[in-house]
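Peer 1: Pasting a structure below so you can have a look.
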């Protein structure tokens, strides 16, 4: 597998290579959509992380999040974190 400078390939390319390697019958696009639909349900923000963000706030440290637009990732995690940060950068808007 040929990779770019940081050792990765675009996800669409990776899924196509996996599909070919395992001889999966589903089109790569369908596999990628299924993965993106399932992944957000597997992600969570640990309570300790939210507590740490709150502790940073008490010592006047700005906290922020850079994320994908709503609907493209684990929106429920972003929603939990938004309350604990000072700014959010996204091509969409949560606030």
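Numbering (my numbering), first residue to last: 1423 to 1517.
For every residue, glycine included, the Cβ atom is placed at its ideal position computed from N, Cα and C.
Just so you know, these numbers come straight off a predicted model, no measurement behind them.
How should residue 1465 be labelled, buried or exposed, when 16 other C-beta atoms within 10 angstroms of its C-beta is the threshold for buried?
Peer 2: Exposed, by the Cβ-count rule.
Peer 1: By how many angstroms is the C-alpha of residue 1468 removed from the C-alpha of residue 1482?
Peer 2: For residue 1482 and residue 1468, the distance between alpha carbons rounds to 22 Å.
Peer 1: Expressed to the nearest angstrom, what Euclidean distance is found between the alpha-carbon atoms of residue 1447 and residue 1454?
Peer 2: Answer to the nearest angstrom: the Cα atoms are 13 Å apart.
Peer 1: If I follow the unbroken alpha helix (DSSP H) through residue 1474, where does it start and stop?
Peer 2: Counting along the chain, the alpha helix (DSSP H) containing residue 1474 begins and ends at 1469-1480.
Peer 1: Since residue 1434 and residue 1459 should fall inside the 8 Å C-beta cutoff, what is the C-beta to C-beta distance between them, to a whole number of angstroms?
Peer 2: With 8 Å as the limit, residue 1434 and residue 1459 do not qualify as a contact, their Cβ atoms being about 15 Å apart.
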